[in-house]
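Throughout the sequence shown, residue numbering follows the working numbering, covering 33 to 465 in sequence. C-beta atoms are modelled at their ideal positions from N, C-alpha and C, and glycine is treated no differently. One structure is given here, and the rest of the page talks about it.
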Amino acid sequence: MNILIENILTILPAKDSAGGLTAEVRSVYVKSGVIASVTEAPDGFVPDKTINGSGKLLMPGFVNAHTHATMSVLRNCADDLLFNEWLFDRIMPLEDKLTGEDNYWGTTLAIMEMLRTGTTAYLDMYYFLDDLARAVEDSGMRAVLSRGLIGGSDDPGAGEYRLREAIDAYEKWKGRDRISFMLAPHAPYTCDEGFQREVAFEAKRLNLPINTHISEGLVEIDTIRDKYGCTSIELMDRAGLLTDRTVAAHCVQVTDSDIKIMADRGVTVATNPVSNLKLANGVAPILKMMNAGVRIALGTDGAASNNTLNMFREMTVLSIIHKGINHDAFGVTAEKALTIATKNGALAIGRSDMGEIKPGNVADLVILTLDSPNMQPLNNPISALVYSANGSEVETVMVDGRILMENREFLTIDSDRVYHEVSKICDRIGTRS
Ligand code: NI
33 MNILIENILT
43 ILPAKDSAGG
53 LTAEVRSVYV
63 KSGVIASVTE
73 APDGFVPDKT
83 INGSGKLLMP
93 GFVNAHTHAT
103 MSVLRNCADD
113 LLFNEWLFDR
123 IMPLEDKLTG
133 EDNYWGTTLA
143 IMEMLRTGTT
153 AYLDMYYFLD
163 DLARAVEDSG
173 MRAVLSRGLI
183 GGSDDPGAGE
193 YRLREAIDAY
203 EKWKGRDRIS
213 FMLAPHAPYT
223 CDEGFQREVA
233 FEAKRLNLPI
243 NTHISEGLVE
253 IDTIRDKYGC
263 TSIELMDRAG
273 LLTDRTVAAH
283 CVQVTDSDIK
293 IMADRGVTVA
303 TNPVSNLKLA
313 NGVAPILKMM
323 NAGVRIALGT
333 DGAASNNTLN
343 MFREMTVLSI
353 IHKGINHDAF
363 GVTAEKALTI
373 ATKNGALAIG
383 RSDMGEIKPG
393 NVADLVILTL
403 DSPNMQPLNN
413 PISALVYSAN
423 GSEVETVMVD
433 GRILMENREF
443 LTIDSDRVYH
453 EVSKICDRIG
463 TRS
């Protein structure tokens, strides 16, 4: 399908090579899922659909670099708790009751929220990968899926069984453009060193990237120090899990030498400022990481610890928290925050053809209306996106050149059915207070 988005204020990579952004009125031509031109019509281009861009803004879709989509069914049911109580006492017992079908509906609900707030791709860690993949396939969303792996010598065979499930799902669904896979050792405190090495071995054998949680809370640091005499980063590095295709969520409690290891290995850190603040884990030292050359991407984490998947709010918090605690107004500027939430997320999931509006990139695009009081006067469009927008401005979203939401209507998802199914799940597993 050929789509023309005509005369729209467009967020573009700046012409300089410094990685900046600019906003200019352009016409954007989408052909067979790819951005064909941002200037003139390509030869012979006949649009099947034309969108009038007047009064609107076009941006690349966000890449949510760390989430657990299904956990949307656990929204607002485990709040105001410290991390270990939240995870072990409240969340894990509820997760034990979730079926594959529950995962399908929970993930579909998450995809609705992501589309509604401008996210076009996400990196997920959960289980029942077949059901997660079905939800992604049916909705038209783009996702990287990874089965959370827990294992070690205290539960022989369990880790290997989960690893087999992860590999089976990868073998079944591989080769699709919108769905890809990583291997996901859950965390250093849920995977012992031997199991971490097994996962690293399989990742290398299958040429799969790694998705993991590292150094999220203080308890983890003490646990790993007591057991191994090192930091979480040092442990996972010696197990062979840290490479330039590793996405490490959180990295809140890290030392200077941890940061050097991450920079040397080329690890991407998926920072989750709202979840880290809400679970009282702290603030990741991302300015130090960026100065050391570590790539930073942005994630919301699951809706059970955020409690939204809204990347606009995440960008705002990302920018202002690091200004505040570092007394540094330039640490995460609006331009940096937007780049972290789009292009850096795309690079984190191995896509150099995503996250920027330029010819040759996939057409994962978001149209916002500027016709709302918080977006007027617009003045600086990049500032407006990071500091003023809240996601309600998102009007139309396409993934791979296919429109999934138009004028806030979902075209591939029956939202009433999703709300109904999710409500039944909540009744059954007991999330209501
Ligand atoms: Ni997480």
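Going by Cα to Cα distance, which pick from the options is closest to residue i?
{"i": "LEU267", "options": "ASP288, ASN243, ASN239 and ARG229", "result": "ARG229"}
{"i": "LEU36", "options": "VAL78, SER185 and THR82", "result": "THR82"}
{"i": "ILE265", "options": "ILE253, LYS259, ASP276 and ASP258", "result": "ILE253"}
{"i": "ASP170", "options": "CYS283, GLU72 and THR139", "result": "THR139"}
{"i": "ARG297", "options": "VAL315, GLY325 and LEU106", "result": "GLY325"}
{"i": "VAL231", "options": "GLU248, SER185 and GLY272", "result": "GLY272"}
{"i": "GLY172", "options": "ALA395, GLU425 and LEU410", "result": "ALA395"}
{"i": "SER337", "options": "PRO79, TRP118 and GLY52", "result": "TRP118"}
{"i": "THR348", "options": "VAL398, LEU238, THR152 and LEU417", "result": "LEU417"}
{"i": "LEU274", "options": "LYS292, ALA281 and VAL299", "result": "VAL299"}
{"i": "ASN411", "options": "GLY51, ASP48, ALA46 and ALA55", "result": "ALA55"}
{"i": "THR263", "options": "CYS109, GLY183 and VAL284", "result": "VAL284"}
{"i": "ALA73", "options": "PRO391, GLY314 and LEU161", "result": "PRO391"}
{"i": "GLU438", "options": "SER447, THR428, ASP446 and ILE445", "result": "THR428"}
{"i": "GLY226", "options": "SER185, ASP200, THR244 and ILE256", "result": "SER185"}
{"i": "LEU53", "options": "ARG383, ILE372 and LEU400", "result": "ILE372"}
{"i": "ALA369", "options": "PRO409, PRO305 and ASN339", "result": "PRO305"}
{"i": "THR152", "options": "GLY387, LEU400 and ALA421", "result": "GLY387"}
{"i": "GLU346", "options": "LEU309, GLY363 and GLU441", "result": "LEU309"}
Can you grab the Cα-Cα spacing for the pair residue i / residue j, in whole Å?
{"i": "ILE242", "j": "GLY150", "result": "25 Å"}
{"i": "SER351", "j": "GLY76", "result": "44 Å"}
{"i": "PRO220", "j": "ASP288", "result": "19 Å"}
{"i": "LYS236", "j": "TYR202", "result": "14 Å"}
{"i": "SER307", "j": "ASN84", "result": "38 Å"}
{"i": "ASN34", "j": "LEU106", "result": "39 Å"}
{"i": "ASP403", "j": "GLY87", "result": "7 Å"}
{"i": "ASP134", "j": "ALA198", "result": "18 Å"}
{"i": "VAL286", "j": "GLY331", "result": "18 Å"}
{"i": "ARG194", "j": "LEU181", "result": "6 Å"}
{"i": "ILE246", "j": "THR71", "result": "43 Å"}
{"i": "PHE344", "j": "ALA97", "result": "14 Å"}
{"i": "VAL426", "j": "GLY189", "result": "46 Å"}
{"i": "PRO276", "j": "SER465", "result": "Reading the sequence as shown, one finds Asp at residue 276 and not Pro. Looking at the two C-alpha atoms, the distance is approximately 43 Å."}
{"i": "LEU238", "j": "GLU192", "result": "15 Å"}
{"i": "ALA50", "j": "ILE457", "result": "48 Å"}
{"i": "GLY334", "j": "VAL279", "result": "16 Å"}
{"i": "PRO405", "j": "PRO413", "result": "14 Å"}
{"i": "LEU443", "j": "ASP258", "result": "52 Å"}
{"i": "VAL454", "j": "ASN108", "result": "14 Å"}
{"i": "ALA302", "j": "ALA329", "result": "5 Å"}
How close, in whole Å, do the beta carbons of residue i and residue j come, if the pair is a contact with beta carbons under 8 Å?
{"i": "ILE389", "j": "LEU44", "result": "6 Å"}
{"i": "TYR471", "j": "ALA366", "result": "There is simply no residue 471 to check, as the chain begins at 33 and stops at 465 in what is shown."}
{"i": "VAL57", "j": "ASN39", "result": "6 Å"}
{"i": "LEU311", "j": "ALA142", "result": "Going by Cβ atoms, the distance from LEU311 to ALA142 rounds to 19 Å, so no, they are not a contact pair."}
{"i": "TYR158", "j": "ALA110", "result": "Wrong, their Cβ atoms sit about 16 Å apart, outside the cutoff."}
Do residue i and the ligand NI come close, with the Cβ less than 7 Å from some heavy atom?
{"i": "ALA281", "result": "yes"}
{"i": "GLY334", "result": "yes"}
{"i": "HIS354", "result": "no"}
{"i": "HIS452", "result": "no"}
{"i": "HIS359", "result": "no"}
Do the stretch 122-142 and the stretch 443-463 make contact, defined as three or more Cβ pairs closer than 8 Å? yes
Using 8 Å as the threshold, is the stretch 364-378 in touch with the stretch 91-106, meaning 3 or more CB pairs across them? yes
Any contact of the stretch 202-216 with the stretch 159-177, i.e. 3+ C-beta pairs under 8 Å? yes
Meets three-Cβ-pair contact criterion under 8 Å: the stretch 429-446 and the stretch 48-68: yes
When you compare the stretch 357-365 with the stretch 156-170, are there three or more beta-carbon pairs, one atom per stretch, that lie closer than 8 Å? no
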